[in-house]
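S.K.: If you're matching them up, the sequences are chains A and B in order.
Heads up: take any position in the first sequence, counting from 1, add 705, and you land on the numbering used here.
Heads up: take any position in the second sequence, counting from 1, add 167, and you land on the numbering used here.
One structure is given below, represented as structure tokens, and several questions about it will come after.
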Amino acid sequence: MRRLRIIKSDFLKASVLAGETPCGMRTFYWPMPGFTRYFAVLVVKYGSIDNKFVPLGGREPIKAPEGIAHFLEHKLFEDRRGDVGERFSVLGSSVNAMTTFDSTTYYFSCTGNFERSLRLLLNFVRKPDFGEAGVEKEKSIIGQEIMMERDNPDWRIFFNMLQAMYVNHPVRIDIAGTPESVAKINRGLLIECHRTFYHPRNMVMVVAGDFSPAKIAAVVESASGGGASVSANIRRIYPDEPLEPGKKSVADRMDVTRPKVLLGFKDRERDYSPEALFRRDIVTAIVLDVLFGRTSRLYNDLYSCGLIDGTFAASHSSYEKGFGYTAMGGDTDKPEALAGAILGGLKRAARRGLNAREFRRKRKKAIGAFLGTFDSPDNSAMLFAHFHMRGANIFDYFKVMERVTLDDANERLRSHLNEDNCVVSQVLPLASKK
Amino acid sequence: MQERHHFRFTSIKAGEGVSAHVLPTRKFKTTTICLIIGRDLDERASHAALLAEVLKRGSAKYPDMRVIAEEMEEMYGASFGCGISRIGGKQTLTMRLTLPNERFLPRRTRLLDRGFNFMQEMLLRPLASHGAFNKDVVKREKANLQARIFSLLNDKMGYAQRRCIEEMCRTERFRFYEYGEVAKVARITPRALFDFYKELLATRPADVFVVGDVDCEKIAERVERMFKGRKPGGYFFAEPEPEPPSRSPRKVMEKQDMEQAKLCMGLRTHTTVRDPDYAAAVMYNGLLGGFSHSRLFRSIREKEALAYDAHSYLENSRGLMIVGVGMEKRNLGKVARVIEAQMDEIRDGKISRDEMNKTRKSVITRLRSSVDSPLQLMHLHYSQMVNGVNICLDEWVKRISAVAAADVKALAGKVAIDTIYVLSPLDGKPKQ
């Protein structure tokens, strides 16, 4: 067996063992004594935005229908014996999956039969076994999933924002695609995408629970197959995207009880190295916390005058594939006034700079918030896997955070959270109802 | 390496109508404290819901959200919450505080004491004067609570389920929404809310749960100090209501401007957590729609491709089951027939060994998993306690394991469809 490397976190008083299977998949084993639950996650670096690429072994780029990564996630659960999920149920395990902009994640949890469940996971994700008839049937199911999301105002306001913000980048497309794009998907295309993206070198596996890492590593290595013949230099093609948002505002009407507003800020940063991304995430999170956290003057002013309620939230997401955004908003009776108050607040903050004391206190706060995240095998493994997939080690969080200065935060505030980058997305009640 | 820990709370009486439930463990990196005050759902559900929001917003010592949030940051990122929840026909007001465990902090700090002091301030010394809560806070929180109640309309499945329960339980406590009603919230004055608060503290049982690296006796003492001076009293819940007489299924239909229709079926299993055959009811729900291997998901989604989601859940204090499916409007009838056909099959005893096996294992995994989450552990214990039972996890596992197909068949014979609720897109809405 190959040797495992130890990655330690003094802060969490935890160690993770890192390995690589003969076929080239990176694996991490996180022993968590005392926990009853086992959790395993397999992340494939392939999401809704990867629909233009050069197929493995090919020369010419192809463009796959929108929503194909999500469709493939659904279909891998079908094999000739029926449904893969049922075989997890037989073991008492519960399996699920999700597709995001840049990843497809498969995971299961159980309290027994851990090794057998692990073999099952590695097997079904790596070997597509579905037929043509199942592909046709899946179109109806996904059609209903798309309709369900269209009835969800939070989903709608968010995708409207992305569509206004991005002119060309595929992040503007619904992860599940549209009924029309989904209709174009067939088995051949799905297999082509699987062959290209579900390459061991394009996947990461993390397992957590009360186990012996050496023993579990042996199971993973034997179940994950032999040597990888081709290197996984996947060529993904993304269109050029202007720095500015395509549209400054967008509004939609649906049967909601109260208007919703979401302000999105398009990220101009173009350094997508893992270090830059990791740092940008942390700096932006601190800026948002100082500006819109519960201790902030702005948040409390907006709350006291009734412009926001408990639904208000602000968050940042940056990805390595040419896009990133910060979004904030919630339910309000006066969407225009709220958007104006937020932009005004940001302008004032940019002029004055962030409060140094507040800035320092956010670090202290992060300790507890961070600790709590690692009180379950599920969260621990998920976070570790997603950070690793982007080339970062979640254990470095504190080291990176301690080095962030007030100047860094102010610089980020001024360059990113300004009106030039901003899109205002609204969902308003139907005209007939007020 | 694997050793099964026994996760049982030690319950200690800590005053009149007050109990401390402590689970010492070093497994977690945090300590979780939950203070729960329970009451029977009634016309004043809106009062309790508003009270939770008002208490959360400030106390005499921590007068606004900003000061509260600063205190949380000073406690190394502790998190505080206060809100309403429900267990069957009961409404609970819960204050929760999660603290990082002291052994992970840079300096030795007595965080647990500080946490308890904070909770005591928030619950017992609210922002009030002359027998009334602060009127600005009450006014603002009334508006927010009303908006929240309204906003249920935005979550179509959530709304459909709520309406189904309302229609089904028109004469029972169960009909009350735990967040109250818009019109009733409007009528609450700062003084009436304060009276309600005083009455709640003086008459309702309080339960304080603590999970973490703590000492039982010390926690019990601290809790006792917190509630010192409570007078002896009832501190009981009302007796369970009798079930309404059975009747043929009622159909209710509503329309909204939306894309996808929702179908909710309200079933009565006539079996609660207090009954010896409750384990069979859990298995029945598991076979019908509790999991992705269950019949509803298999038949409606995988076989007929009529829906993305099809599920059911079982409620333990009244034995109600709600089935929920989202589908194209024109397939409503088809879906309803599939659901009834599946219920018929189980009632006829057409239950495979394979589905029994999968369901049993899935239920047991879910039960066992709860010991990895402080909040789930607390919920499991409390939800049984208010129903007057105290059955440990191992015993549940044993009971589930012992359920045979014949038991499920017998249980299925008791299940009746009570209400069929449909939320449908407007007529003339263009086809999907």
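Here a beta-carbon is modelled for each residue, glycine too, at the ideal position from N, C-alpha and C.
Values in this document were obtained by computation on a predicted structure and should not be read as measured data.
1. Sorted by chain position, which residues of the same chain lie with C-beta nearer than 8 Å to P979/A's C-beta, five sequence neighbours on each side aside?
2. Flag S568/B as yes if its beta-carbon sits less than 8 Å from any beta-carbon of chain A, otherwise no.
3. Who are the neighbours of A1074/A on chain C, taking C-beta pairs under 8 Å?
4. How many Å lie between E238/B and R1066/A at the Cα?
5. Count the other CB atoms, across all protein chains shown, that sit within 10 Å of the CB of R224/B; report buried if there are 16 or more and exposed otherwise.
6. The beta strand (DSSP E) that contains D476/B, what's its start and end?
7. How far does the beta strand (DSSP E) with T370/B in it extend, from its first residue to its last?
8. Can you tell me whether C815/A is buried or exposed, with buried defined as 16 or more other CB within 10 angstroms of its CB?
9. How is N907/A classed by DSSP in three states: helix, strand or coil?
10. Scan the segment 183-217 of chain B for residues whose Cβ lies nearer than 7 Å to a Cβ of chain A and list them as they occur along the chain.
11. Helix, strand or coil for P947/A per DSSP?
12. Which term fits P738/A, buried or exposed, when burial requires 16 or more other beta carbons within 10 angstroms of its beta carbon?
13. Tell me the DSSP secondary structure of N452/B in three-state form.
14. Just to make sure I have the definition right: I need the residues of chain B whose C-beta is within less than 9 Å of the C-beta of T805/A. Which are they?
15. Any C-beta of chain B sitting closer than 8 Å to the C-beta of H1121/A?
16. Bridge partners for S720/A per DSSP, in chain order?
17. For a quick check, are the C-beta atoms of K965/A and G1034/A less than 8 Å apart?
18. For the beta strand (DSSP E) containing S246/B, list its first residue and its last residue.
19. For R274/B, which of D1101/A, F1075/A, A1114/A and K1069/A has the nearest alpha-carbon?
20. Go ahead and label K196/B buried or exposed: buried means 16 or more other beta carbons lie within 10 angstroms of its beta carbon, across all protein chains shown.
21. When you compare the segment 315-331 of chain B with the segment 172-183 of chain B, are there three or more beta-carbon pairs, one atom per stretch, that lie closer than 8 Å?
22. Within 8 Å of any Cβ in chain B, is that where the Cβ of V961/A sits?
23. Between E170/B and the rest of its own chain, which residues show a CB-CB distance below 7 Å, the 5 nearest in sequence each way excluded?
24. When the Cα atoms are used, what is the spatial distance from I847/A to M494/B?
25. Could you list which residues in chain A have their beta carbon closer than 7 Å to that of E426/B, in chain order?
26. Please report the residue range of the beta strand (DSSP E) in which Q427/B lies.
27. May I ask you to list the residues that DSSP assigns as paired with Y743/A?
28. N1126/A by DSSP, collapsed to three states: which one?
29. With DSSP as the reference, identify every bridge partner of V800/A, one or two as the case may be.
30. Would you call R315/B buried or exposed, if buried means 16 or more other Cβ atoms sit within 10 Å of its Cβ?
31. Looking at the strands, I want to know which residues DSSP matches up with G491/B.
32. Find out if the Cβ-Cβ distance for the pair V564/B, M510/B is shorter than 8 Å.
33. For Y475/B, decide whether its Cβ has a neighbour in chain A, counting only Cβ atoms nearer than 8 Å.
34. Between D807/A and the ligand FMN, is there a pair consisting of the residue's CB and a ligand heavy atom that are separated by less than 7 Å?
35. List, in order along the chain, the chain B residues whose C-beta lies closer than 9 Å to that of I846/A?
36. Using the beta-carbon of each residue, which ones in chain A are nearer than 8 Å to E339/B?
M.R.: Concretely, from the data shown:
1. Excluding residues within five positions, the ones whose Cβ falls inside 8 Å are E1025, R1095, G1096 and A1097.
2. no
3. The chain labelled as chain C is not found among the protein chains of the depicted structure, namely A and B.
4. 10 Å
5. buried
6. A474 to L481
7. Run containing T370/B: none in the beta strand (DSSP E); it sits in the alpha helix (DSSP H), P357 to T370.
8. buried
9. helix
10. K194, F195, K196 and T197
11. Residue state, collapsed to three classes: coil.
12. Burial call: exposed.
13. Here N452/B sits in helix by DSSP.
14. Going along chain B, no residue has its Cβ under 9 Å from T805/A, so there is no contact; the nearest lies around 18 Å.
15. No Cβ of chain B is located within less than 8 Å of the beta carbon of H1121/A.
16. K713/A
17. yes
18. S246 to I254
19. K1069/A
20. buried
21. no
22. yes
23. The pLDDT assigned to E170/B is 38, lower than 50, so where the model puts this residue is not dependable; a value taken from the coordinates is nonetheless given after this. When the five nearest sequence neighbours on each side are left out, no beta carbon in the same chain lies closer than 7 Å to the beta carbon of E170/B.
24. I847/A and M494/B: Cα-Cα distance of roughly 11 Å.
25. M852, R855 and D856
26. Per DSSP, Q427/B belongs to no beta strand (DSSP E) and is neither H nor E.
27. C815/A
28. helix
29. In the DSSP assignment, V800/A is bridged to F813/A.
30. buried
31. For G491/B, the beta-bridge partners assigned by DSSP are C431/B and H478/B.
32. no
33. Closer than 8 Å to some Cβ of chain A, the Cβ of Y475/B qualifies, so yes.
34. Absence of the ligand FMN from the depicted structure is noted, as is the absence of any ligand whatsoever, leaving it without description.
35. R468, E469, A472, L473, A474 and Y475
36. Among the residues of chain A, none has a CB under 8 Å from the CB of E339/B; the nearest is roughly 27 Å distant.
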